[in-house]
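Heads up, the sequence shown is in full-length UniProt numbering, so the first residue is 1 and it goes up one at a time.
So the structure is just underneath, and the comments pick up after that.
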Amino acid sequence: MPGLHESDVVKIPRGVRLREDKTRGGWVLLAPERVFQLDPIAQQVLMRVDGERDIAAIVDDLAQAFAAPRERILGDVRRMLADLITKNVLEVT
């Protein structure tokens with residue numbers, strides 16, 4: 001994916017929050033005037049987005065935690081993060 005590399009560090013910017021939605025169940029990404037309902041996979045990815053770990057470290061952790069092929073996880077994570085960056089709810093540091 002052009003523009004997003006394994007060495008990039010992604011963070012949740014000021015004003016955006018990852019929260020558990022106990023009323024509806026599950027997790028949401030809260031942004032000004034927007035709410036993104038997260039599926040369990042997106043939740044697992046975003047819980048690892050801490051502004052310190054690069055994408056490679058996040059993917060390695062997910063591959064180990066779920067015993068899944070790293071290359072498949074890498075492609076899925078890069079697509080998801082790139083999409084959220086274009087929606088201005090994540091940013092590359």
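Just so it is clear, CB atoms sit at the ideal spot from N, CA and C, and this is done for glycine as well.
Beta-carbon spacing of residue i, residue j below 9 Å
i: Ala31; j: Val45; result: no
i: Leu18; j: Gly26; result: no
i: Ile55; j: Ala63; result: no
Residue i classed as buried or exposed, judged by whether at least 16 other C-beta atoms fall within 10 angstroms
i: Val89; result: buried
i: Val49; result: buried
Whole-number beta carbon distance between residue j and residue i, since they are thought to touch under 8 Å
i: Ala82; j: Leu4; result: 5 Å
i: Val77; j: Val59; result: 5 Å
Own chain partners of residue i with C-beta closer than 7 Å, once the 5 adjacent residues on each side are dropped
i: Asp21; result: Trp27, Val28
i: Gly51; result: Val9, Lys11, Thr93
Beta-carbon contacts of residue i that lie in its chain and below 8 Å, excluding the five residues immediately before and after
i: Arg24; result: Gln37
Same chain, Cβ closer than 6 Å to residue i, five either side skipped, listed in chain order
i: Leu84; result: Leu90
Check whether the segment 60 to 67 touches the segment 9 to 29, taking contact to mean three or more Cβ pairs, one atom from each stretch, closer than 8 Å. no
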